[in-house]
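Asks:
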Amino acid sequence: MRLEYFEMIDAISRLDREAGRIEAIARVPMESPVFEGHFPGHPLVPGVLLTETMAQASGYLVLAHLGFAQMPFLMAVDKARFRSFVGPGATLEVSATLEHDGSGYAVTKAAVRHEGKLIADAELRFRTMPFPEGLDAPMRERAARIGLDIGAGA
Amino acid sequence: MSELPTAGTSATFERVADIIAETADIPRDTITPESHAIDDLGIDSLAFLDIAFAVDKAFGIKLPLERWTQEVNEGKVPAEEYFVLKNLCARIDGLVAEKAAKA
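Taken in order, these protein sequences are the chains called A and H.
Each residue of the first sequence is one higher than the one before, counting from 1 in full-length UniProt numbering.
Each residue of the second sequence is one higher than the one before, counting from 1 in full-length UniProt numbering.
(1) For a contact meaning CB atoms closer than 9 Å, what does A/S32 contact in chain H?
(2) Quick check on A/K109: buried or exposed, where buried means 16 or more other Cβ atoms within 10 Å of its Cβ?
(3) Less than 8 Å between CB atoms is the rule here; does H/E74 satisfy it with respect to chain D?
(4) Whole angstroms is fine: what's the gap from H/F83's alpha carbon to H/T69's?
(5) Just the C-alpha distance for A/E133 and A/Q70, rounded to the nearest angstrom, thanks.
(6) If you run the structure through DSSP and keep just helix, strand and coil, what is H/S35?
(7) Whose CA, out of A/E4, A/D16, A/V62, lies closest to the CA of A/F126?
(8) Residues in the segment 43-77 of chain A with C-beta within 9 Å of chain H's C-beta atoms, listed in sequence order?
(9) Under the rule that 16 or more other beta-carbon atoms within 10 Å means buried, what is A/A11, buried or exposed?
(10) Taking the DSSP output, what are the residues bridged to A/V77?
(11) So, do the segment 19-37 of chain H and the segment 50-69 of chain A have three or more beta carbon pairs nearer to each other than 8 Å?
(12) Mapping DSSP to helix, strand and coil, what is H/I43?
Take a look at the structure:
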């Protein structure tokens, strides 16, 4: 995870297109300016960044599902729950499942676990739209870097 | 109302109105078959997608919002055809019938 750059997902460990499910790894860095403020002397990954982590795993799932034809943008976060604390050095397991593939939108359920224990979960909704000019290539590059199989559509 | 909706559309309307009331927090008794989702009920695009999700789930269909939006934007279809609730409900009935015919 490069928290300051909003690059939350380090690697895709599994993508099941048929089932509409993705699993990913996110390693919390030992040090980050984020921890200087959240909280001084008591570093914890902020809930908003756990939400972003779930959103990014979901986003890659939607990108793969749509064959990179459209870009998902986070539109709604429902039922977000932060069940336990997580700090520097933790390796997080992030999962997301596609709950609904709508016309122009998609819905996922996502979770973050640490050593098998549920840390956070939420239901996320995305607006899917044509890639804004110039975003397609960097997204494909980033997806390839984390090992997302972008499939025949790529 | 000058023309009575069909029985199917009427039942669909009740269900859709319940969904709109709950999802967009609009008083149920202000929602009529003649209501325009945007002009009369003030539903914004985010709330409309919330409603679309609930409708998709409730009726087991996929409202073709992208095609509708394109048709309206290109001036091919007036927005009322999709956003006035009795028209929306007729289209939902059509999609449900289409799905049943395929099954």
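Just so it is clear, CB atoms sit at the ideal spot from N, CA and C, and this is done for glycine as well.
Replies: So, from the data block:
(1) Those within 9 Å of A/S32 in chain H number zero; the least Cβ separation is about 32 Å.
(2) buried
(3) Of the protein chains in this structure, namely A and H, none is chain D.
(4) 11 Å
(5) 12 Å
(6) coil
(7) A/V62
(8) M75, A76
(9) exposed
(10) A/L124
(11) no
(12) coil
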